[in-house]
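Under my numbering, the first residue of the sequence shown carries the number 150, and numbering increases by one thereafter.
Ideal Cβ placement from N, Cα and C applies to all residues, glycine included.
No experiment lies behind these values; they were computed from the predicted model shown.
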Amino acid sequence: WPDEGEYHAMPMLVPSDQTELTGVYNLMLDDTGGSLGQKVAVYLEGTDPSGYALQDGGSAEDGEQLFMYQLAVDGAPELEPDAFAWANGRQSWLHPAQPYELNVKISEPNGGSDLSTVEVMLASNQGSDAMSIEWAFETGECTTASTHIIIDQCTMLGANGVADPYEKDLVLNIHLQLGWNTPDLGDNRREPAILVVDRAGQEEMRNFPEHRWRFSAGLSIPEESVNLHLTRGSFLGDGARVTPLTPMELSGGLVFAETSTVPAFDCTVNILFAGQTHAVEAKDGIWSTAIDAPASSGSLPMTWEVGCLEGQGVDLTDQSTSVKWIVVDGTGPEPQEVLSPRPRAVLGGENHEVRVVVQELGGLDVDSLELVWQVEDFETGDVIRSGREPLTLEGEAIDGLRLELYGDMNLSEITNEMLIDRMEVKISIAGRDLAGNTVTGLGGDLNDPFLATWNMEWLQPKFTVAPSALTYSRLLMEEGDTTSIQLEVENIGSLQGQTGVSFETVTAEGERTLIQRTDVTAEAGALGLVAVDWQPETAGIQWVEATLDNGMVVSGPTIEVRVAEEPTFSEKVFGDVNPIIGSLTGLLLVAVVVSLLAWMRRMTVNQGARSEFDWDEYSSEFEDDDDDDDDDDFTPDNTAQVAAATVTASTESTNGNEAETDWVMGSDGYWWYHDKATNEWWYKDANGDIVKHP
Numbered sequence: 150w151p152d153e154g155e156y157h158a159m160p161m162l163v164p165s166d167q168t169e170l171t172g173v174y175n176l177m178l179d180d181t182g183g184s185l186g187q188k189v190a191v192y193l194e195g196t197d198p199s200g201y202a203l204q205d206g207g208s209a210e211d212g213e214q215l216f217m218y219q220l221a222v223d224g225a226p227e228l229e230p231d232a233f234a235w236a237n238g239r240q241s242w243l244h245p246a247q248p249y250e251l252n253v254k255i256s257e258p259n260g261g262s263d264l265s266t267v268e269v270m271l272a273s274n275q276g277s278d279a280m281s282i283e284w285a286f287e288t289g290e291c292t293t294a295s296t297h298i299i300i301d302q303c304t305m306l307g308a309n310g311v312a313d314p315y316e317k318d319l320v321l322n323i324h325l326q327l328g329w330n331t332p333d334l335g336d337n338r339r340e341p342a343i344l345v346v347d348r349a350g351q352e353e354m355r356n357f358p359e360h361r362w363r364f365s366a367g368l369s370i371p372e373e374s375v376n377l378h379l380t381r382g383s384f385l386g387d388g389a390r391v392t393p394l395t396p397m398e399l400s401g402g403l404v405f406a407e408t409s410t411v412p413a414f415d416c417t418v419n420i421l422f423a424g425q426t427h428a429v430e431a432k433d434g435i436w437s438t439a440i441d442a443p444a445s446s447g448s449l450p451m452t453w454e455v456g457c458l459e460g461q462g463v464d465l466t467d468q469s470t471s472v473k474w475i476v477v478d479g480t481g482p483e484p485q486e487v488l489s490p491r492p493r494a495v496l497g498g499e500n501h502e503v504r505v506v507v508q509e510l511g512g513l514d515v516d517s518l519e520l521v522w523q524v525e526d527f528e529t530g531d532v533i534r535s536g537r538e539p540l541t542l543e544g545e546a547i548d549g550l551r552l553e554l555y556g557d558m559n560l561s562e563i564t565n566e567m568l569i570d571r572m573e574v575k576i577s578i579a580g581r582d583l584a585g586n587t588v589t590g591l592g593g594d595l596n597d598p599f600l601a602t603w604n605m606e607w608l609q610p611k612f613t614v615a616p617s618a619l620t621y622s623r624l625l626m627e628e629g630d631t632t633s634i635q636l637e638v639e640n641i642g643s644l645q646g647q648t649g650v651s652f653e654t655v656t657a658e659g660e661r662t663l664i665q666r667t668d669v670t671a672e673a674g675a676l677g678l679v680a681v682d683w684q685p686e687t688a689g690i691q692w693v694e695a696t697l698d699n700g701m702v703v704s705g706p707t708i709e710v711r712v713a714e715e716p717t718f719s720e721k722v723f724g725d726v727n728p729i730i731g732s733l734t735g736l737l738l739v740a741v742v743v744s745l746l747a748w749m750r751r752m753t754v755n756q757g758a759r760s761e762f763d764w765d766e767y768s769s770e771f772e773d774d775d776d777d778d779d780d781d782d783f784t785p786d787n788t789a790q791v792a793a794a795t796v797t798a799s800t801e802s803t804n805g806n807e808a809e810t811d812w813v814m815g816s817d818g819y820w821w822y823h824d825k826a827t828n829e830w831w832y833k834d835a836n837g838d839i840v841k842h843p
């Protein structure tokens, strides 16, 4: 292939009038200096007066050239004697709808690009339809005018995959099928041929008589491939003896009769038995179907045939051997109804009497009758416990329309620990009549042997909530306040359990906010308590809803969360203390301070009076004694007693006032009461109820 550096620029002959929209530009090439086998590649470059580059002129990159050709001596194509070959070897017979692969070998000295036409004729000796397949280099595809050929794939191959334009040794690979409408010419054989034509008109044609072939659309079911399978009964020389409704299975093969080739397609096989047609699909030449014997007695033929034929298709199955005779003998005992336990009864782990009514006209084999019971897991169907108990016939008659059988079903193996899981009990009857026919299902059903099904006791928790089960620890709330939510969940079931609870805030506008999800556990028949904290995020009317996992919903009281107000001056001074109590306490402190100041002043004045007199020694001593007596009257203890009396008086006065005003209107608009003995605050809510402040 040309490299980028091997290109040489050459001018082109331009048209005389370059003002036209289109023009013919000529390039004169002289490739006489080249040698055979070399390739010449060309691409265009140029610009218009405005400087715009030429579009779609190709480039020097590999595969992007405008055009390319190879220097070579023109030679005719050649076909070898083995140019025609089936991928799977010689085919003496071809069949419809079968995939075939054909390889056609071609030798072209000038490469595949010099080929004009390759024609493969599968029936060159048939003037009406040569069944031709043509390949064209321009499209690289195969076409056919024959209505009997279906082309699945067509590829021209070289030594390393898809052939390039200069490859000399080529193989045309064709995947095809023949249609069902292809005529069967009997003993006449079709002969393939190949015609190859190059661009110069040189051609090569070769016939291949050794690959002559015949067409057959005949399918058959070989008699030796057919097998009858019985679940009960016995085989006869040309069939079988079974009881009514005996499940059977018939299987076999399917091939093209002439070659025993297995069809590559699915084909329907019809089984005719007891007035019904059973259609089954044969896949990869194998088919199998289940068939039930009829309920009535008699000798019935079972035959089979090919059911997917179309066009020239024909069933070549040997009709003389494609039959089996099935002898249906009698009817078995048929249970009619279950008398006990009653329908929809819930059974516990104890002994239960079972009574069943059976219809049998030929006579029961009483010793063979057994009650078969099994306890299954309701969800998985796994058998937990099972058993077989003998059945007893009520009375002495062994035939009749209503024969009553009874027996015990002991379920004592099922403990309370096992009843935690949901289970059910099924019963059936095993046994036969005097003719050997087994007991059927209810009403003669052979597919479902179970006569009845009962649920067993199911120990499980079951949670519910009362309408008033959700409460708050406080009802008067402002933004930022927190309250405790308590929910009582009752387990009315028969087993301890746990359930999830979701708490949500619901506003008057219907907006919901998840508070918390938690689990609560409760014993059987007991209450479970769950508490969570709730701090409303917004003001307004709202409430809390709790939702259990089982979907039950309960709502708490509706409250109005108030907007937090700026504290007043008294609230800033006294905080949470009642303003009246705070004022009285302040007055009491002021009284104490004033009393102390008065006492101190008195002491100071008395001391100054003694220092003003200058008595004689005796008089001074006398006076000093008097002064001492006076001083004793004004000791600090006496002063403290005076102050205490003052405080007591003030306190009594205050207590008197408080007795008259135990409930005080607060700045928040609610009445408040202070219990001094326990230091607790109480208030009246909007409903008039007395509520303890948290």
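CA-to-CA distance, residue j to residue i, given in whole angstroms
i, j, result
"Arg581", "Ile475", "21 Å"
"Asn309", "Leu319", "10 Å"
"Ile255", "Asp231", "10 Å"
"Ser369", "Ile323", "29 Å"
"Arg390", "Trp603", "37 Å"
"Ala442", "Trp453", "16 Å"
"Val791", "Trp748", "Reliability fails at Val791, whose pLDDT of 33 lies under 50, so the model's placement of it is uncertain and the value that follows must be treated cautiously. Taking the straight line from one Cα to the other gives about 10 Å."
"Gln468", "Glu316", "57 Å"
"Thr827", "Ser643", "45 Å"
"Asp698", "Met605", "25 Å"
"Val345", "Asp278", "19 Å"
"Asp668", "Asp630", "25 Å"
"Thr480", "Ser448", "14 Å"
"Val588", "Ile578", "7 Å"
For residue j and residue i, believed in contact at Cβ under 8 Å, the rounded distance
i, j, result
"Leu591", "Pro484", "5 Å"
"Asp180", "Val189", "6 Å"
"Pro341", "Phe233", "5 Å"
"Ala349", "Asp433", "50 Å between Cβ atoms; not a contact."
"Pro482", "Glu509", "4 Å"
"Leu228", "Ser184", "Going by Cβ atoms, the distance from Leu228 to Ser184 rounds to 29 Å, so no, they are not a contact pair."
"Leu560", "Trp607", "That pair is no contact at about 14 Å."
"Glu553", "Val506", "6 Å"
"Glu430", "Thr410", "With 8 Å as the limit, Glu430 and Thr410 do not qualify as a contact, their Cβ atoms being about 18 Å apart."
"Met280", "Ile298", "6 Å"
"Thr438", "Val455", "That belief does not hold up - the Cβ atoms of Thr438 and Val455 are roughly 14 Å apart, past 8 Å."
"Gly172", "Pro164", "4 Å"
"Gly206", "Tyr192", "6 Å"
Per-residue DSSP class, three states only, for residue i
i, result
"Val739", "helix"
"His360", "helix"
"Gly593", "helix"
"Trp329", "coil"
"Ser208", "coil"
"Asp179", "coil"
"Leu568", "helix"
"Trp812", "coil"
"Met161", "coil"
"Leu488", "strand"
"Glu372", "helix"
"Ser744", "helix"
"Asp838", "coil"
Unbroken beta strand (DSSP E) run spanning residue i, endpoints
i, result
"Glu697", "The amino acid at residue 697 is misidentified as Glu; the sequence shows Leu. First-last of the beta strand (DSSP E) with Leu697: 689 to 697."
"Ser273", "Per DSSP, Ser273 belongs to no beta strand (DSSP E) and is neither H nor E."
"Asn419", "416 to 422"
"Ser383", "383 to 385"
"Arg348", "Segment: none, Arg348 is in no beta strand (DSSP E) and carries neither H nor E."
"His244", "First-last for His244: undefined, no H or E at that position."
"Ala428", "425 to 431"
"Pro539", "532 to 539"
Identity of the residues DSSP links to residue i by a beta bridge
i, result
"Thr304", "Asn322"
"Gly401", "Trp436"
"Leu379", "Met397"
"Ala285", "Thr266"
"Arg390", "Ser383, Val476"
"Val712", "Val712 pairs with nothing; no bridge assigned."
"Arg493", "Arg493 pairs with nothing; no bridge assigned."
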